[in-house]
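Take a look at the structure below.
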Amino acid sequence: MIDLLKLGHLARERSSSDSTSSSRPLQWHGTCAHHVDPPRWVQKRKHVDPGDVAKYAYTEPRRAMAIALNPKFSMLAVGTYSGTVEFVSLPSMDGALPKPQVLQIPTMYAREGTGSVCTMEWSSDGYVLAVGWEKGWAIWSVGGRCLAWGFGVEYEVDAERFQDAFMYGVRGLFWAPGNFELVMLAQSSPNMADGQLFVLPFAKSATTGQHSPDNTQYAFLQMDDRVLVYRGADQPDMSVINPEADVWQHVKVPQSYMSANWPIRYSSLSADGRLIAIAGRRGLVHYSSTSGRWKMFADELQEQAFTVKGGLLWFHHVLIAAVEVAGAYQLRLYSRDLELSNQNVLHRELVPSPVVILSLVDNSLLVYMADNTLYHYLIIPTADSIKLHFCGSITFDGVIAVPSAVRALSWMIPSAQKQLGDPADDLAVATVLMIVGGKLVLLRPRKSEEGEVKYDMQILADRIEFCWIHLRGIGTLENSLWGYDGQGIRVWLNALAIESAPAPTEADDGSETLDRVKESVNIPLEFYPLSVLMDKGIIIGVEVEAATRTNLSFTMFRHVTSSHLFLHHILLFHLENSQCKEAVTFASHYQHLVYFAHALEILLHTVVEEDVDAGEPTERSQDSKDSGEQGLLSGAIEFLDHFDDALDVVVGCARKIEMTRWPRLFDIVGNPKILFETAGSYLLVLHGLEQLDGMNDDVIRLLRSATAAQDWQLCREILRFLHSIDDTGAALQSALVETQIVPSADSQLGQGNGRPTSTAEVQDFEHAFKDLGRFVFGVGCKLAVACQPFASSYLSDSSLSLADLIGNSQTVKARLLHYFPPSPENPLPSEDEAVDSWCGFHLDHSLLTGLCSALYLRQDPSGTPSVVQSPSPASGLYIRTRGGALTKVSIPADCLAFQTGEALELATSGKLRATPHCVRVGAAADAESISRETFALFMQPNVDQQLSATEDFGQFSKRIFDEHYKDDVAGAAQ
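Residue numbering for the sequence shown is 1 to 974, as defined by full-length UniProt numbering.
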């Protein structure tokens with residue numbers, strides 16, 4: 001049992017032999033935060049003899065083994081004997097105790113469980129809890145998100161070499177100053193020395209030190225000696241959602257500053273993400289990503305004379321710092337353009353008490369102080385400087401009980417005041433937003449009969465870790481409020497218009513407290529969010545990955561960038577509330593995004609699943625029909641009809657849902673047989689609904705129309721469909737012949753792939769050929785993934801992915817290449833043999849070409865081949881480097897080689913050059929009897945794949961073909 005005690009009426013009398021006074025004894029009363037009732041059979045059992053204790057021993061699974069108090073968020077963590085961890089919020093003033101939250105570990109590699117909780121400790125900022133068990137460890141956010149954990153290892157390791165004993169159990173731990181490192185004492189292990197200490201480094205969000213709007217606009221992380229800024233917001237759309245894209249900028253803090261002022265306490269990012277300010281134990285420094293330079297105090301005495309307390313903010317190029325100097329408190333303004341010194345301070349504003357938090361809304365500076373007062377300043381540029389103009393202040397006495405519990409601050413101004421009012425009067429009409437002890441609250445102003453401004457507190461949610469507010473959001477999102485509670489993001493649309501259904505209750509001090517308000521939208525997340533990219537419709541965050549290898553003695557940790565589309569969540573809210581017009585207006589802001597159609601597809605899929613869960617549709621009453629009432633699915637289809645991608649979205653969704661739901665979907669969308677001529681993808685739907693004729697006449701008619709219109713994308717979809725419904729290929733061959741895309745079987749104009757028949761000499765040739773091709777193709781795709789972080793910065797269209805260009809291509813070709821021996825009539829010269837004597841210098845047409853090791857064959861007089869060594873050490877493949885040097889390439893028999901082609905050079909605007917190469921015979925005595933054999937896989941993109949601003953692969957291929965064969969074509973014409 002854990003009691004939370006406070007002064008009250010539960011007496012504990014002092015014993016005093018000489019006391020004759022009747023004074024009241026010291027009194028306490030408390031609330032039980034963790035109570036366990038033993039099972040009834042334990043309570044009922046009779047007295048047990050001491051010698052029989054072992055026989056009747058009972059251990060309560062929920063018995064508390066460790067506790068950790070978090071005063072920053074007014075909560076308590078309790079670790080139990082069974083290994084569970086519970087979060088308990090401290091009771092309210094009326095003594096009500098909320099239900100505890102039991103934490104869940106996502107996955108565990110240790111089958112035997114966690115063991116008992118041995119140790120727990122909150123970070124000094126209260127945002128994360130470290131827990132050590134007998135058999136592992138974990139880190140939890142204050143909202144209950146498991147950020148990192150280890151209970152054994154996922155893959156087998158060498159037990160004698162593996163040194164990270166903390167992965168198997170922790171008996172003690174603590175956070176180092178700054179909360180960037182966790183020091184852990186590992187459990188005793190048979191293979192490890194006792195008493196091993198491990199230090200695990202962490203990156204943390206900059207909002208844990210300063211929750212300012214700009215710090216939440218960009219994903220901004222701090223480490224022990226550097227900061228990390230997410231640059232994906234500045235990249236094209238595909239780079240944002242590509243988890244492999246390298247979009248983090250690492251900026252190391254100068255060692256000369258860190259050595260004297262470690263650890264980092266505050267970090268601030270400007271609104272455009274280009275300026276960074278850092279404050280440690282003393283002084284401050286700032287950095288520009290444009291120039292790549294840090295600015296520091298030249299005079300160390302000036303740097304050491306003040307401490308940043310309350311935070312840092314950027315207003316354009318001006319840094320605002322709340323500082324303590326010799327026991328006094330100031331707001332200082334520094335210019336990025338000037339050197340850091342006391343002589344270059346643009347403005348000093350004395351304030352009466354320590355600053356708790358700063359916030360910037362447009363040109364209004366909000367300063368909340370330890371005396372529970374909010375100060376409002378206007379930032380006013382002058383002819384040669386900038387200054388703060390004091391507008392007013394208001395106290396929150398009786399509203400905010402503990403000023404130091406305020407973690408975030410902002411406000412929202414009514415539209416009329418924004419447009420017509422004096423900014424100096426904003427304080428009297430603004431709705432103030434705060435996070436107080438983990439509670440997200442709105443403070444609404446009202447004037448009393450005496451004209452005094454008072455505030456009514458409205459609690460929106462409990463245990464909110466971070467919040468984002470968008471005063472100038474897109475469409476519906478203007479004045480929206482986003483809060484993360486450890487499980488997902490809760491969104492209140494138009495927070496200014498939030499209404500509370502129950503009447504407000506009046507407190508003793510005359511203030512009114514409103515009930516909690518349910519959010520408009522709830523977005524569940526599988527990662528930890530850091531930023532909301534409003535203009536891209538994406539939530540950005542990170543998650544931790546841990547990996548082990550049998551040949552490594554340690555565990556590897558890394559953070560992985562994750563993203564989540566939020567568009568469909570907002571659109572679904574509008575559709576559920578029959579707000580089709582608002583949904584269309586909101587979606588129109590995002591229809592330029594390359595993944596807009598994907599977001600609509602997710603929306604439709606969600607609506608279809610909800611429609612199924614709601615049961616079979618029933619006939620509406622006449623009143624419903626007269627009023628125009630419609631179902632959610634009908635409303636979603638009506639919404640989609642406003643966009644050009646509607647038909648593709650519908651068929652894309654149909655492919656991902658069960659076929660049993662198709663009749664209901666197409667009952668509303670329309671007959672797919674009528675639609676399929678505008679979207680070839682409907683062929684699959686028609687086939688599933690058995691609305692296609694057995695002779696494929698409809699398909700052939702559509703293919704003929706697509707060919708005439710040169711709609712090659714539609715042609716490809718039709719051919720894919722024909723291949724998918726007939727494994728023999730007969731339907732595909734028949735359609736190609738009937739539409740005259742390929743000649744008929746009896747035509748002499750051309751044939752398909754020619755392969756030897758399965759005779760004894762070449763048995764299973766086709767299977768072996770295809771297996772080798774698939775193997776080289778798989779390795780090539782993995783190579784493309786490995787090259788993507790480098791190539792992405794050079795691709796002419798950064799939305800392209802090398803792996804997708806290759807993996808989704810229908811034009812990859814494999815060739816067996818036979819190099820004939822030199823003929824006796826035209827022997828090689830004994831001297832001065834040309835380096836390209838077997839195959840002239842050329843460039844491959846592909847993105848990448850995969851090559852196997854060459855095989856050399858000699859034929860005896862009977863024509864039987866035998867494998868031999870190369871004719872000469874000079875025989876083989878040669879390439880030219882970018883510098884022009886000639887290099888011989890030798891490919892070992894158990895290896896593959898890959899070279900770049902012209903298509904990749906075009907896609908990367910020439911940054912990755914195609915490899916010039918040739919093949920040399922190599923003069924030797926018996927070279928005339930030896931041939932060279934090899935296998936090449938040419939990995940090229942689809943014909944309609946855009947490679948540059950002016951050419952797709954088909955147009956590029958035609959240009960190259962014309963350049964190479966124009967003389968032959970001209971000669972044939974003559």
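In this text, a Cβ means the ideal position worked out from N, Cα and C, and glycines have one as well.
Practice item. Just tell me which of 456, 346, 963 and 172 has its CA closest to the CA of residue 188. Key: Here residue 188 refers to the residue found at position 188 when the sequence shown is read from its first residue. Out of 456, 346, 963 and 172, 172 has the C-alpha closest to the C-alpha of residue 188.
Exercise for review: Report buried or exposed for residue 818, applying the criterion of at least 16 other Cβ atoms within 10 angstroms of its Cβ.
Suggested key: On the sequence shown, position 818 is the one that residue 818 refers to. By the neighbour-count rule (16 or more Cβ atoms within 10 Å), residue 818 is not buried but exposed.
Point to revise | residue 842 burial status per 10 Å Cβ neighbour count (16 or more: buried) | key: Your numbering for residue 842 matches position 842 in the sequence shown. Exposed, by the Cβ-count rule.
**Study point:** Whole-Å CB distance - residue 322 paired with residue 308, under 8 Å assumed
**Key:** By 1-based counting over the sequence shown, the position of residue 322 is 322. By 1-based counting over the sequence shown, the position of residue 308 is 308. Indeed, because the Cβ distance is near 7 Å, the residues count as touching under 8 Å.
Point to revise | Those residues which DSSP pairs with residue 266 across a bridge | key: Position 266 of the sequence shown, counting from 1, holds the residue named residue 266. DSSP, once it has assigned bridges, lists 279 as partnering residue 266.
Review point. When the Cβ atoms of the segment 67-77 are set against those of the segment 425-439, are three or more pairs found closer than 8 Å?
Key: As far as the Cβ criterion goes, the segment 67-77 touches the segment 425-439, which means the pair count is three or higher.
Exercise for review: Count the other CB atoms, across all protein chains shown, that sit within 10 Å of the CB of residue 820; report buried if there are 16 or more and exposed otherwise.
Suggested key: For the purposes of this step, residue 820 is taken as residue 820 along the sequence shown, with counting starting at 1. By the neighbour-count rule (16 or more Cβ atoms within 10 Å), residue 820 is not buried but exposed.
Check your understanding: So does the segment 114-124 actually touch the segment 163-181, counting three or more Cβ pairs closer than 8 Å?
Key -> The segment 114-124 makes contact with the segment 163-181; the number of CB pairs closer than 8 Å reaches 3 or more.
**Study point:** C-beta contact flag for residue 280 and residue 265 at 7 Å
**Key:** As a first step, residue 280 must be located in the sequence shown, where it is residue number 280. As a first step, residue 265 must be located in the sequence shown, where it is residue number 265. Between residue 280 and residue 265, the CB-CB gap stays under 7 Å.
Exercise for review: Determine the closest residue to residue 935 out of 964, 219, 773 and 730, with distance taken between C-alpha atoms.
Suggested key: Translated into positions along the sequence shown, residue 935 becomes position 935. Put simply, of 964, 219, 773 and 730 the residue whose alpha carbon is nearest the alpha carbon of residue 935 is 773.
Point to revise | Beta-carbon proximity list for residue 295, same chain, < 7 Å, skipping 5 on both sides | key: Position 295 of the sequence shown, counting from 1, holds the residue named residue 295. Taken in chain order, the residues that qualify are 285, 286, 339 and 340.
Check your understanding: Based on Cα-Cα distance, which residue from 271, 536 and 638 lies nearest to residue 574?
Key -> In the sequence shown, residue 574 corresponds to position 574, counting from 1. Looking at the Cα atoms, 638 is the closest of the given residues.
Review point. Which of the three DSSP states, helix, strand or coil, is assigned to residue 820?
Key: Position 820 of the sequence shown, counted from the start, is the residue given in the question as residue 820. Under the three-state reduction of DSSP, residue 820 is assigned to coil, being neither helix nor strand.
Practice item. Identify every run of the alpha helix (DSSP H) within the segment 168-229, keeping only runs that are complete inside it and at least 4 residues long; order them along the chain. Key: For secondary structure counted as the alpha helix (DSSP H) over 4 or more consecutive residues, the segment 168-229 holds these complete runs in sequence order: 213-217.
**Study point:** Option in 548, 379, 380 and 90 with minimal Cα separation from residue 557
**Key:** Position 557 of the sequence shown, counting from 1, holds the residue named residue 557. When only C-alpha atoms are compared, the closest one is 548.
Exercise for review: Could you work out which residue in 30, 62 and 31 is closest to residue 39 when comparing CA atoms only?
Suggested key: The residue labelled residue 39 in the question sits at position 39 within the sequence shown. Among 30, 62 and 31, the Cα nearest to that of residue 39 is on 62.
Check your understanding: Going by Cα to Cα distance, which pick from 601, 535 and 612 is closest to residue 592?
Key -> Counting from one through the sequence shown, the residue named residue 592 turns up at place 592. If we check each option's Cα against that of residue 592, 535 comes out closest.
Exercise for review: Give every residue of the same chain whose Cβ lies closer than 6 Å to the Cβ of residue 871, excluding the five residues on either side of it in the sequence, and list them in chain order.
Suggested key: Residue 871 sits at position 871 when you count from the first residue of the sequence shown. Closer than 6 Å at Cβ, skipping near neighbours: 922, 924, 927 and 930.
Exercise for review: Report back the beta-carbon spacing between residue 332 and residue 348 to the nearest angstrom; my notes put them in contact at under 8 Å.
Suggested key: To locate residue 332, count along the sequence shown from 1; it is residue 332. To locate residue 348, count along the sequence shown from 1; it is residue 348. Between residue 332 and residue 348, the beta carbon gap of about 6 Å places them in contact (Cβ cut-off 8 Å).
Point to revise | Extent of the continuous alpha helix (DSSP H) run through residue 585 | key: Here residue 585 refers to the residue found at position 585 of the sequence shown. From DSSP, the alpha helix (DSSP H) with residue 585 extends over 580-588.
Exercise for review: Starting from residue 952, follow its DSSP beta bridges and name the residues at the other end.
Suggested key: As a first step, residue 952 is located in the sequence shown; it is residue number 952 there, counting from the start. Beta-bridge pairing links residue 952 to 946.
Check your understanding: Since residue 456 sits in a beta bridge, which residues does DSSP pair it with?
Key -> Sequence index remark: in the sequence shown, residue 456 carries index 456 (1-based). DSSP lists 444 as partners of residue 456.
Point to revise | Reduced DSSP category for residue 789 - H, G, I as helix; E, B as strand; rest coil | key: Position 789 of the sequence shown holds residue 789. In the structure shown, the three-state DSSP call for residue 789 is helix.
Check your understanding: Using the C-alpha atoms, what's the distance from residue 789 back to residue 561?
Key -> By 1-based counting over the sequence shown, the position of residue 561 is 561. By 1-based counting over the sequence shown, the position of residue 789 is 789. Going from the Cα of residue 561 to the Cα of residue 789 covers about 14 Å.
Exercise for review: Decide if the segment 361-376 is in contact with the segment 409-429; the criterion is three or more beta carbon pairs, one per stretch, under 8 Å apart.
Suggested key: A contact exists between the segment 361-376 and the segment 409-429.
**Study point:** Simplified DSSP assignment, three categories, for residue 261
**Key:** Numbered from its first residue, the sequence shown carries residue 261 at position 261. It is helical.
Check your understanding: When you compare only the Cα positions, how much space is there between residue 610 and residue 777?
Key -> The count along the sequence shown starts at 1 and reaches residue 610 at position 610. The count along the sequence shown starts at 1 and reaches residue 777 at position 777. Rounded to whole angstroms, residue 610 to residue 777 spans 41 Å at the Cα level.
Check your understanding: Start and end of the beta strand (DSSP E) containing residue 331?
Key -> Locating residue 331 in the sequence shown gives position 331, where the first residue counts as 1. Following the DSSP letters along the chain, one finds residue 331 inside the beta strand (DSSP E) bounded by residues 328-335.
Exercise for review: Ignore the nearest five residues each way along the sequence and tell me which others in residue 430's own chain have a CB closer than 6 Å to its CB.
Suggested key: In the sequence shown, the residue the question calls residue 430 occupies position 430. 411 and 413, listed in sequence order.
**Study point:** residue 660 burial status per 10 Å Cβ neighbour count (16 or more: buried)
**Key:** Walking along the sequence shown from the start, residue 660 turns up at place 660. It is exposed - the Cβ of residue 660 has fewer than 16 other Cβ atoms within 10 Å.
Exercise for review: Whole angstroms is fine: what's the gap from residue 827's alpha carbon to residue 837's?
Suggested key: The count along the sequence shown starts at 1 and reaches residue 827 at position 827. The count along the sequence shown starts at 1 and reaches residue 837 at position 837. Counting only the Cα atoms, residue 837 lies some 11 Å from residue 827.
Practice item. Decide if residue 920 is buried, meaning its Cβ has at least 16 other Cβ atoms within 10 Å, or exposed. Key: By 1-based counting over the sequence shown, the position of residue 920 is 920. Counting C-beta atoms within 10 angstroms of its own C-beta, residue 920 has 16 or more neighbours from the protein chains shown and is therefore classed as buried.
Point to revise | Three-state secondary structure assigned by DSSP to residue 980 | key: In the structure displayed, the chain extends from 1 to 974; residue 980 sits before or after that span and is not available.
**Study point:** Cβ neighbours of residue 596 in the same chain (closer than 6 Å, five flanking residues each side left out)
**Key:** In the sequence shown, counting from the first residue as 1, residue 596 sits at position 596. Excluding positions up to five away in sequence, the list reads 590.
Check your understanding: Since residue 201 and residue 220 are thought to touch, with beta carbons under 8 Å apart, how far apart are those beta carbons, to the nearest angstrom?
Key -> Here residue 201 is taken as the residue at index 201 of the sequence shown, counted from 1. Here residue 220 is taken as the residue at index 220 of the sequence shown, counted from 1. Contact between residue 201 and residue 220 is ruled out by a C-beta separation of about 18 Å, above the 8 Å threshold.
**Study point:** Segment contact, 8 Å Cβ cut-off, at least three pairs: the segment 467-484 with the segment 101-108
**Key:** Result no; under three Cβ-Cβ pairs closer than 8 Å.
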